[in-house]
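**Student:** So for the sequence shown, the working numbering puts the first residue at 472; every next one is plus one. Backbone N, C-alpha and C define an ideal beta-carbon position, used for all residues, glycine too.
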Amino acid sequence: MRRLLPPFLLLAALGAQDAAPGKPLAKAVEEHVGMTWIVGGEAVLGSQNGDRDAPLHRVKLDGFWIDTTEVTNAQFAEFIKATQYVTDAEKKPSPEDVPDVPQDQLFAGSLVFTPPPEAVDLREFWQWWQFTAGADWRHPTGPKSSIEGKDDHPVVHVSWRDAQAYCKWAKKRLPTEAEWEFAARGGLDQNLYVWGNEQLPKKKWQANIFQGTFPQQNTLEDGFGTTAPVTAFPANRFGLYGTSGNVWEWCEDFYRPDGYGDGKQLAVNPKGPATSYDPMEPGAVKHVMRGGSFLCSDVYCLGYLPGTRMKSTPDTSLCHTGFRCARTAPAPAGTTPATK
Ligand SMILES: [Ca+2]
């Protein structure tokens, strides 16, 4: 049975690395294992489609490190093993957190994409999002599912708070929204896609998104119905994988529709607004998510375009949302600083 989502999830988002396995954490941190140095410099960020919450604006960033891929199940498992951390999806919500939900409906779980059998009104996202008891990072589609054989897939059902805990353990941090988009574009400023302006170069899909009739029929032209291995599709020009599609990625910043560049002044190392505000859910604190997921398509969700923003509350977890980490540290030896 489909059930109503708890209020704190109702308007939830729709839509790497650190210690390499077997490598001591301290050594991995020192060597930035699985990370890519982003030189920094100036770029134009924002939506090519005129999204009102993502005006084109110029930024200037210092160099930084960022995970080469989304954080994988194998990496997250190392974190859990080392810390015994329990994710939000694995905890039963407290009545204080969700006072409108009857006690007998409080259970641990997460939001799972559950395609309806036939066409539905695309405004009714609750038709395909189901709060599923027992869904969590180890059980992506519910208690009977597993991540066996998916060590190299991105971890999902990770809340912003969970991502923070992982970052702290890995001696990293979440990227700022500006860092995320700067890195995701790979230097292709004002292009529509992270790989250029043509959706299907040489008729090949460049990212794990949704083909077919959303949400009921995925034709799997790109080969994947849910998550794909983090390096399944080509890297961008900075060598980063998965910055378009596969899973949404949490950023550090609060979300505000007017919080991402004013289009006039050069923003230097912007860290986002000081407070959060989402007019669709004014009482909720939200953080930014970027990059889109395996559920994106031109019909429904353009989140896989590098200028598109999404947001959700810090306790929300979903089957299509993960993260990658960043780190502030000196450049690799011999690196030439950005010239502009
Ligand atoms: Ca991604």
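Could you please give the first and the last residue of the uninterrupted alpha helix (DSSP H) stretch that includes Arg523?
**Tutor:** First-last for Arg523: undefined, no H or E at that position.
**Student:** Please determine, among Ile537, Phe704, Ser617, the residue with the shortest C-alpha to C-alpha distance to Trp676.
**Tutor:** For the residues Ile537, Phe704, Ser617, the minimum Cα distance to Trp676 belongs to Phe704.
**Student:** Please tell me whether, using a cut-off of 7 Å, the distance from the CB of Asn835 to the nearest non-hydrogen atom of ligand 1 is below it.
**Tutor:** The structure shown does not extend to residue 835, since the chain spans only 472 to 811, so no value can be given for it.
**Student:** Could you tell me which residues DSSP pairs with Trp782 in its beta bridges?
**Tutor:** Going by the sequence as given, residue 782 is Lys instead of Trp. In DSSP, Lys782 forms a bridge with Val759.
**Student:** In terms of residue numbering, what span does the alpha helix (DSSP H) encompassing Trp651 cover?
**Tutor:** 648-656 is the extent of the alpha helix (DSSP H) around Trp651.
**Student:** Between Lys643 and Val583, what straight-line distance do the alpha-carbon atoms span, to the nearest angstrom?
**Tutor:** Going from the Cα of Lys643 to the Cα of Val583 covers about 28 Å.
**Student:** Going by CA-CA distance only, name the one from Ala606, Thr647, Glu669, Asp533 that's closest to Arg780.
**Tutor:** Cα-wise, what sits closest to Arg780 is Thr647.
**Student:** Please tell me whether, using a cut-off of 7 Å, the distance from the CB of Glu692 to the nearest non-hydrogen atom of ligand 1 is below it.
**Tutor:** Checking every heavy atom of ligand 1 against the Cβ of Glu692, none is found closer than 7 Å.
**Student:** Is any heavy atom in ligand 1 found nearer than 7 Å to the beta carbon of Thr714?
**Tutor:** Checking the Cβ of Thr714 against ligand 1 gives yes.
**Student:** Any chance the CB of Glu650 is under 7 Å from a heavy atom of ligand 1?
**Tutor:** Glu650 Cβ: outside cutoff for every heavy atom of ligand 1.
**Student:** On the DSSP bridge assignment, give the partners of Lys816 in chain order.
**Tutor:** No answer is possible for residue 816: it lies beyond the span of the chain, which begins at 472 and ends at 811.
**Student:** When burial is assigned at 16 or more other CB atoms within 10 Å of the CB, is Phe453 buried or exposed?
**Tutor:** Look at the range of the chain in this structure, 472 to 811, and you will see that residue 453 is not part of it.
**Student:** Output the distance between the C-alpha atoms of Pro478 and Val569, rounded to the nearest integer angstrom.
**Tutor:** Here the model assigns Pro478 a pLDDT of 37, short of 50, so the residue's position is not dependable and the matter cannot be decided.
**Student:** Between which two residues does the alpha helix (DSSP H) harbouring Ala499 extend?
**Tutor:** Its alpha helix (DSSP H) spans residues 496-502.
**Student:** Sorted by chain position, which residues of the same chain lie with C-beta nearer than 8 Å to Ser630's C-beta, five sequence neighbours on each side aside?
**Tutor:** For Ser630, where only same-chain residues beyond five positions count, the Cβ hits under 8 Å are Thr558, Asp559, Ala560, Pro785, Asp786, Thr787, Ser788.
**Student:** Could you give the first and the last residue of the continuous beta strand (DSSP E) run that contains Cys722?
**Tutor:** Counting along the chain, the beta strand (DSSP E) containing Cys722 begins and ends at 719-725.
**Student:** Under 8 Å: do the segment 508-521 and the segment 647-656 share three or more Cβ pairs, one atom per stretch?
**Tutor:** The segment 508-521 vs the segment 647-656: in contact.
**Student:** Specify the secondary structure class of Asp633 as computed by DSSP and reduced to three states.
**Tutor:** Asp633: helix per DSSP, three-state reduction.
**Student:** Less than 8 Å separating the beta-carbons of Val626 and Asn707?
**Tutor:** It is not a contact, given that the beta carbons lie outside the stated cut-off.
**Student:** Can you tell me the Cα-Cα spacing of Trp813 and Thr702, whole angstroms?
**Tutor:** The structure shown has nothing for residue 813, since the chain only spans 472 to 811.
**Student:** Since Ala809 contacts Gly534 with CB under 8 Å, what's their CB separation in whole angstroms?
**Tutor:** Between Gly534 and Ala809 the Cβ distance is about 7 Å, and since that is below 8 Å, they are a contact.
**Student:** For Phe725 and Lys782, I'd like the C-alpha separation in whole angstroms.
**Tutor:** Rounded to whole angstroms, Phe725 to Lys782 spans 9 Å at the Cα level.
**Student:** To the nearest angstrom, how far is the alpha carbon of Ala716 from that of Gly805?
**Tutor:** Sequence inspection shows Gly at residue 716; the Ala mentioned does not correspond to that position. Computed Cα separation, rounded: 33 Å.
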